[in-house]
Each structure stands twice: as C-alpha cells, then as structure tokens.
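This report refers to the structure that appears directly beneath it.
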Amino acid sequence: MTASIAYGAVEVGTELPARSFPVTRATLVQYAGASGDFNPIHWNEKFAREVGLPDVIAHGMFTMAEAIRVVTDWVGDPGAVVEYGVRFTKPVVVPNDGTGALIEVSGKVAAKLDDNLVRVDLTAMSDGKKVLGMSRAVVRLA
Amino acid sequence: MALDQSFVGRTYPPTPAYEVGREKIREFAEAVGDTGAAYVDPEAAKALGHPDVIAPPTFVFSITFRAAGQVIQDPQLGLDYSRVVHGDQKFAYTRPVRAGDRLTVTSTIEAIKSMAGNDIVDIRGEVHDESGEHVVTAWTKLVARAAEEA
Numbered sequence: 000m001t002a003s004i005a006y007g008a009v010e011v012g013t014e015l016p017a018r019s020f021p022v023t024r025a026t027l028v029q030y031a032g033a034s035g036d037f038n039p040i041h042w043n044e045k046f047a048r049e050v051g052l053p054d055v056i057a058h059g060m061f062t063m064a065e066a067i068r069v070v071t072d073w074v075g076d077p078g079a080v081v082e083y084g085v086r087f088t089k090p091v092v093v094p095n096d097g098t099g100a101l102i103e104v105s106g107k108v109a110a111k112l113d114d115n116l117v118r119v120d121l122t123a124m125s126d127g128k129k130v131l132g133m134s135r136a137v138v139r140l141a
Numbered sequence: 000m001a002l003d004q005s006f007v008g009r010t011y012p013p014t015p016a017y018e019v020g021r022e023k024i025r026e027f028a029e030a031v032g033d034t035g036a037a038y039v040d041p042e043a044a045k046a047l048g049h050p051d052v053i054a055p056p057t058f059v060f061s062i063t064f065r066a067a068g069q070v071i072q073d074p075q076l077g078l079d080y081s082r083v084v085h086g087d088q089k090f091a092y093t094r095p096v097r098a099g100d101r102l103t104v105t106s107t108i109e110a111i112k113s114m115a116g117n118d119i120v121d122i123r124g125e126v127h128d129e130s131g132e133h134v135v136t137a138w139t140k141l142v143a144r145a146a147e148e149a
C-alpha cells in the first residue's frame with residue numbers, strides 16, 4: 000500500500016480533483032457483461048418503462064465504481080481505500096440518444112482520523128440530481 | 000407482506016471458492032473505464048506493495064451479490080425479487096482483492112424491516128481468502144418495493 004498523498008499535506012476541506020464520467024448504453028452493456036448483472040432495466044427500454052422507470056438506468060454499482068475513481072486517482076494506490084459506502088438515492092437515466100448521461104463527481108476531505116486515515120465525502124450528480132447519498136470513503140494516506 | 004423477523008441473524012453456509020483471475024480484473028477495470036496500472040500490470044502492482052494486480056474497490060460486489068442470492072432466493076424468506084432495488088452498499092476492506100485469491104463468502108441477514116409496505120433486508124457478506132484471512136466485508140441493503148394496489 001503506497002499512497003502518493005501525505006496525511007500531513009491535507010486538511011479538512013481539501014478538495015479532490017473533480018471528474019465527469021460519461022455513460023452510454025454501450026457502457027452499460029459492457030458493465031453488465033463484466034459484472035454479471037444482466038437485469039434488463041439496464042439495457043431494455045421497454046422493460047424499464049414497464050416497471051415504472053423513465054428509461055434505461057445505469058447500474059447503481061456502476062455509479063459507485065465511477066465515484067470512487069475520484070479517490071483512487073487522487074491517492075494513487077486503489078489499495079489505500081479501507082472503507083467505501085453509498086446510498087443509491089436517484090437513478091442515472093441513460094437515454095439512447097448517442098450521448099447518454101454524465102456522472103459528475105466531486106469530493107473533499109471531511110475528517111482526519113487516526114493512523115493516517117482520512118474520510119472523503121463524495122458528491123455524485125447526474126442531470127442536476129444527486130444520484131448518491133452518504134457517499135463516503137475512508138482512505139489511508141502516506 | 001411483512002417478512003419473517005425470525006430470519007434476522009440467520010447465517011448461510013460459505014459459498015464455494017471464487018478464483019479471482021487477472022483477466023477478469025482487467026475486464027472489470029475496462030468496463031468501469033479505469034485501466035489503472037495497479038489493476039492490469041503485475042509489476043506496477045508490486046511496486047505499490049501488492050503481490051499481484053488488485054481489483055477495483057467495487058469488484059467484489061459481483062461475488063458477494065451472487066452469494067446473497069442464497070438469501071434473496073430463499074423460498075422460506077419469500078422476498079419478491081422482481082420488486083427489489085439496491086438501497087445502500089458499503090465495503091470495509093482488510094486488504095484489496097487481488098488476482099489469485101480464492102474467496103468464499105458467508106452471508107448473514109443483519110436486519111429485516113418493513114416501512115410503508117416496503118420490505119427492507121440488510122445482508123452482510125464476509126469475504127475470506129483460502130487461508131481463512133478476512134479480506135473484505137460487504138453490506139447490502141435491498142428494498143422490495145410495496146406492490147401496487149390492484
């Protein structure tokens with residue numbers, strides 16, 4: 000485990016570099032295959048509408064995977080993540096329009112803990128809506 | 000229909016071992032758009048202190064969710080899976096999952112609640128490696144939405 004950010008170099012309020020992650024229908028098909036989650040709400044528009052969704056939605060776990068990239072990119076070693084949790088508050092709706100959706104993620108240091116650990120609080124938005132709640136990671140810094 | 004509270008605390012038998020392969024990690028990393036060196040290059044992973052390539056933090060969900068199928072599909076519990084949505088997800092890692100791991104999952108029902116007609120089930124999956132060492136714990140909250148009025 001070799002984080003590239005020093006514990007002493009961050010403060011409560013330190014912002015992590017924000018990132019935007021595009022997601023299209025093709026992204027969802029690829030994620031379905033890699034993750035083994037073939038729930039049709041993630042690729043079949045007709046099925047999604049039949050169960051009351053506005054359109055195909057992204058896998059919650061895909062959004063969760065994207066959001067933590069803000070942390071792993073910042074810290075350098077993904078193995079430095081010791082805790083990570085989210086609440087799925089709103090779906091990321093992915094229209095079949097060639098553009099898809101955008102997941103916008105920002106994060107900041109919310110607390111400095113013992114043993115070089117810090118808590119990072121993440122915000123993930125799509126189409127102006129907060130798609131993850133209580134999105135927090137605990138990371139071990141150098 | 001409210002679920003049977005007597006299932007709280009029930010632990011299911013450990014799953015057969017899931018062997019984590021380098022190429023499966025690469026496939027997952029590509030699918031989330033992040034082919035960082037620690038995920039795909041064993042030498043880079045070693046330089047960070049890992050014995051082999053490691054998996055992205057959420058990779059293990061595929062394994063723990065499959066294990067949670069024991070709970071979800073338990074006919075005695077009677078969860079209506081066609082109405083289930085994923086509420087919360089949390090992981091606590093002792094170490095990252097890595098290529099070569101042979102992982103077993105032991106699932107426990109931590110809580111069952113009923114709110115506004117929704118059935119809410121909290122499942123904890125304890126993931127151990129072949130030597131019995133703890134790797135990660137996954138907590139999954141599933142919500143079976145209330146059936147609509149006929």
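Chains as they are written, first to last, in numbering that gives the first Met the number 0: chain A, 0 to 141; chain B, 0 to 149.
Glycine included, each C-beta is placed from N, C-alpha and C at the ideal position.
Cutoff 8 Å: residue i Cβ touching any chain A Cβ
i        : result
B:HIS49  : yes
B:VAL70  : no
B:THR163 : Chain B is shown only over 0 to 149; residue 163 of chain B falls outside these bounds and no answer can be derived.
B:SER61  : yes
B:ILE53  : yes
B:ALA149 : For B:ALA149, the predicted structure reports a pLDDT of 39, less than 50, and the residue's modelled location is therefore unreliable. The matter cannot be settled from this model.
Per-residue DSSP class, three states only, for residue i
i        : result
A:PHE46  : helix
B:ILE62  : helix
A:ASP120 : strand
B:GLY8   : coil
A:GLY12  : coil
A:HIS41  : helix
A:LYS89  : coil
A:SER3   : coil
B:ARG82  : helix
A:PRO53  : coil
A:ALA17  : strand
B:GLU132 : coil
B:THR93  : coil
B:GLN75  : coil
A:ASP72  : helix
A:GLY78  : helix
N-terminal and C-terminal residue of the alpha helix (DSSP H) that residue i is part of
i        : result
A:PHE61  : 59-66
A:SER144 : Given that chain A is displayed from residue 0 to residue 141, the structure contains no residue 144 of chain A and the question cannot be resolved.
B:ALA44  : 41-46
B:ILE53  : Premise fails: B:ILE53 is in no alpha helix (DSSP H) and is neither H nor E.
Per-residue contacts from residue i into chain C (C-beta, under 9 Å)
i       : result
A:GLU82 : No chain C is present in this structure, whose protein chains are A and B.
Cβ distance (whole Å) where residue i is taken to contact residue j below 8 Å
i        : j        : result
B:THR139 : B:PHE64  : 7 Å
B:VAL126 : B:ILE62  : 7 Å
B:THR93  : B:VAL142 : Not a contact, Cβ separation roughly 28 Å.
B:ARG97  : B:PRO50  : 6 Å
A:VAL69  : A:ALA17  : 7 Å
For residue i, the first and last residue of its enclosing beta strand (DSSP E)
i        : result
B:GLU125 : 117-127
Residue-chain proximity (residue i, chain B), Cβ-Cβ < 8 Å
i        : result
A:ALA64  : yes
A:PRO39  : no
A:ARG139 : no
A:THR98  : no
A:GLY127 : no
A:THR122 : no
Next item on the list: Quick one: which residues of the segment 4-34 of chain A get their C-beta closer than 8 Å to a C-beta of chain B? List them in chain order.
Entry: PHE20, THR26, GLN29, TYR30, GLY32, ALA33, SER34
Notebook entry, point to check: Given a limit of 9 Å on CB to CB distance, which residues of the segment 75-97 of chain B reach chain A?
Noted result: SER81, ARG82, VAL84, HIS85, GLY86, ASP87, GLN88, LYS89, PHE90, ALA91, TYR92, THR93, ARG94, PRO95, ARG97
Item checked: Chain-ordered residues of the segment 16-40 of chain B with a beta carbon less than 9 Å from chain A -> LYS23, GLU26, PHE27, ALA28, GLU29, ALA30, VAL31, GLY32, ASP33, GLY35, ALA37, TYR38
Next item on the list: With 9 Å as the limit, tell me which residues of the segment 41-67 of chain A have their beta carbon closer than that to any beta carbon of chain B; keep them in chain order.
Entry: VAL50, GLY51, HIS58, GLY59, MET60, PHE61, MET63, ALA64, GLU65, ILE67
Next item on the list: Taking only beta carbons into account, state which residues of the segment 103-120 of chain A come closer than 8 Å to chain B, listed in chain order.
Entry: none
Notebook entry, point to check: For the segment 83-94 of chain A, which residues have a beta carbon sitting closer than 8 Å to at least one beta carbon of chain B?
Noted result: TYR83, GLY84, VAL85, ARG86, PHE87
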